[in-house]
């Protein structure tokens, strides 16, 4: 019996070895950081520049449309952009259109808005400090509304009506001074979208952004980046932060490294493992094909 | 600062255990994975029902109809909505009356189709066609004359850098891009950012100039390629003529462009999946909580305990499986 060709043996390679290698590629750099450089891409830089150009005290609508599975990619951007906005003393209005988001949003507000993210003297941070915001004074949380694209369209025409005129804690919006003159999305200086999928940035662009020429920046999962990038080219989005790599770039621009920067090492090494696995698979495949053409066993 | 409540500590432990239970699927389908699968679906459905009741049914149906706050047309509209909802259930309770369920479905389909047509026409067709039909010309940004917004858009720049460049050129016009990038009013960090982007400012993809009328050659090629790629991709989806001869060649070019697009999407998907793994690794190692909370959770120990528990459970499960269904000897099934 002829000896089995190496490519045939490797075609039966147990794919669980790949899982193990990938697991190690993810875990080891967390213990031994390589501190590989991260550079913000042009779309991330455009998002940063848009926020940076806001006047002090600008009114910003932040839609946090995500679920727990998207937090590794989107939470780093959220934390960085909120610090950036608070440094500009922006007045913030939060809402979500994802049913799984409210528990996350409540935690985010507790950790990043009710408290200072980078108080004076914060370790490893040289930028301007932020401060704790007061609910219904410096920021308002409107809560969750279901209705997918229809509710996003409603935000564009009657934001107060969409939330029955009340904030999430039941306070009538008419009694909140910072809500004066804020009746629809066009009344805001900027719309920031933290978007894990649908409904999210795409629907905001389609249903309200383009029609009302809203200034909008978005952060999305890496999977959605290719879908949303054309909107940046056309100016329908003023900036786009794609996945954890984009978030790492935004953190660098804001000057406060966080989970995105820490994850960039792992992302680089993990991507390298995937590239090597693809090359390995192709080498085995083509070697096997060449062997069969030479008359080897199929 | 208050210590993390025990219920939250237990919650973190549960999260770690459930994470490893899901990962146990990499070994094979097993009871730990099944447990998490059922738990996830049950919790999701339960949470959604409670949320929908509190957010929609109670305030918009029960309170609105029986609370007495609405009357006339508004009350009628809520009742119509309630009737449409009840008609949906006809499909479940009676085959004879199942046809009633088609009316609310028709309403929903028509409503969203109406919304979608308008949105797509404006945001997708209109805006994208307008962009695709724009000039392929790619003039460089004249550092001595361009407005601040154009300077901000340059690689390595920012609104602060653009403002400083405007002030600097008013004092003394720039003689070269390097001259602009090294002016004294720029901070070390800003100079470093501009130096890092120097290749995009003066190299092959030169976007900046110090005089009017210069063209970005790389930008011109890029714009031309974008135009040709758009047209070729559209030709691929044009089925009214046979894809032979010149049309076939253009169509084939379109396929290559589409493949490059799918490749980019696949690469981004891989990045997204690795990010998910990073997120879970952070959680099971206790890196996502404050150090004082991490000291209470002992995530690495909880991870080891979870792995041991799952490995032990899987061993017992395998032994029981073999006792119930003895493993056939190699070759008994006719395959080597």
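Residue numbers (the working numbering), protein chains in the order written: chain A, 8 to 305; chain B, 132 to 467. Here a beta-carbon is modelled for each residue, glycine too, at the ideal position from N, C-alpha and C.
query                                                                                                                                                                                                         : result
Do you know how far the Cα of residue 87 (chain A) is from the Cα of residue 195 (chain A)?                                                                                                                   : 20 angstroms
What does the alpha-carbon distance come out to for the pair residue 41 (chain A) and residue 219 (chain A)?                                                                                                  : 45 angstroms
Report the residue ranges of all alpha helix (DSSP H) runs contained in full by the segment 312-359 of chain B; include only those spanning at least 4 residues, in chain order.                              : 319-327 and 329-333
From the DSSP secondary-structure annotation, give me the bridge partner or partners of residue 197 (chain B).                                                                                                : Per DSSP, none; premise fails for residue 197 (chain B).
Ends of the beta strand (DSSP E) at residue 226 (chain A)?                                                                                                                                                    : 223-227
I'd like to know whether the C-beta atoms of residue 192 (chain A) and residue 174 (chain A) end up nearer to each other than 7 angstroms.                                                                    : no
From this set, A:301, A:294, A:300 and A:302, which residue's C-alpha is nearest residue 18 (chain A)'s C-alpha?                                                                                              : A:294
Helix, strand or coil: how does DSSP classify residue 151 (chain A) here?                                                                                                                                     : strand
Decide if residue 13 (chain A) is buried, meaning its Cβ has at least 16 other Cβ atoms within 10 Å, or exposed.                                                                                              : exposed
Looking at C-alpha atoms only, which residue of A:72, A:99 and A:21 is the closest neighbour of residue 306 (chain A)?                                                                                        : Residue 306 (chain A) is absent from the structure shown; chain A starts at 8 and stops at 305.
Taking only three categories from DSSP, how would you classify residue 273 (chain B)?                                                                                                                         : strand
Taking 7 angstroms as the cut-off, decide whether the C-beta atoms of residue 245 (chain A) and residue 50 (chain A) are in contact.                                                                          : no
Which term fits residue 56 (chain A), buried or exposed, when burial requires 16 or more other beta carbons within 10 angstroms of its beta carbon?                                                           : buried
According to DSSP, is residue 302 (chain B) part of a helix, a strand, or is it coil?                                                                                                                         : helix
Identify the contact partners of residue 153 (chain A) in chain B, using a Cβ-Cβ distance below 9 angstroms as the criterion.                                                                                 : 182, 183, 186 and 187
So which residues on chain A does residue 400 (chain B) lean against when the C-beta distance must stay under 8 angstroms?                                                                                    : 229 and 230
Work out the CA separation of residue 162 (chain A) and residue 168 (chain A) for me, nearest whole Å.                                                                                                        : 8 angstroms
Beta carbons nearer than 7 angstroms to chain B: which residues of the segment 64-81 of chain A have them?                                                                                                    : 76, 78, 79 and 80
Check whether the segment 366-378 of chain B touches the segment 293-310 of chain B, counting contact only when three or more Cβ pairs, one atom from each stretch, lie closer than 8 angstroms.              : no
Could you check the C-alpha separation between residue 220 (chain B) and residue 232 (chain B) for me, to the nearest Å?                                                                                      : 7 angstroms
Starting from residue 297 (chain A), follow the beta strand (DSSP E) in both directions and report where the run begins and ends.                                                                             : Per DSSP, residue 297 (chain A) belongs to no beta strand (DSSP E); it is in the alpha helix (DSSP H), 266-300.
Quick one: does residue 283 (chain B) have its CB under 7 angstroms from some CB of chain A?                                                                                                                  : yes
Between the segment 281-292 of chain A and the segment 120-135 of chain A, can you find at least three pairs of beta-carbon atoms closer than 8 angstroms?                                                    : no
Please report the Cβ distance between residue 77 (chain A) and residue 224 (chain A), rounded to the nearest whole angstrom; I am assuming they are in contact, meaning their Cβ atoms lie under 8 angstroms. : Going by Cβ atoms, the distance from residue 77 (chain A) to residue 224 (chain A) rounds to 17 angstroms, so no, they are not a contact pair.
Using a C-beta to C-beta distance shorter than 7 angstroms, which residues of chain A count as neighbours of residue 143 (chain B)?                                                                           : Near residue 143 (chain B) there are no residues of chain A at all, since even the closest Cβ is about 13 angstroms away, more than 7 angstroms.
Is residue 148 (chain A) close to chain B, meaning its C-beta is less than 7 angstroms from at least one C-beta of that chain?                                                                                : no
Just reading off the beta strand (DSSP E) that residue 116 (chain A) is part of, what are its end residues?                                                                                                   : Counting along the chain, residue 116 (chain A) falls outside any beta strand (DSSP E), and DSSP gives it neither H nor E.
Which first and last residues belong to the alpha helix (DSSP H) in which residue 285 (chain B) is found?                                                                                                     : No alpha helix (DSSP H) holds residue 285 (chain B); DSSP gives it neither H nor E.
Kindly provide the ranges of any beta strand (DSSP E) runs that are 3 or more residues long and lie completely inside the segment 79-109 of chain A, ordered along the chain.                                 : 98-103
For the beta strand (DSSP E) containing residue 447 (chain B), list its first residue and its last residue.                                                                                                   : Note, residue 447 (chain B): premise wrong, no beta strand (DSSP E); alpha helix (DSSP H) at 430-455.
Determine, for residue 330 (chain B), whether the minimum Cβ-Cβ distance to residues of chain A falls below 7 angstroms.                                                                                      : no
Identify each residue in the segment 137-166 of chain B for which the Cβ-Cβ distance to at least one residue of chain A is less than 7 angstroms, and report them in chain order.                             : 157
To be precise: take each residue of the segment 88-100 of chain A, compare its Cβ to all Cβ atoms of chain B, and keep it if any distance is under 8 angstroms. Which residues remain?                        : none
What is the DSSP secondary structure of residue 372 (chain B), reduced to helix, strand or coil?                                                                                                              : coil
Could you tell me whether the segment 130-147 of chain A touches the segment 183-190 of chain A, using the rule of 3 or more Cβ pairs below 8 angstroms?                                                      : yes
On the CB-based measure, 16 or more other CB atoms within 10 Å of its CB, does residue 141 (chain B) come out buried or exposed?                                                                              : exposed
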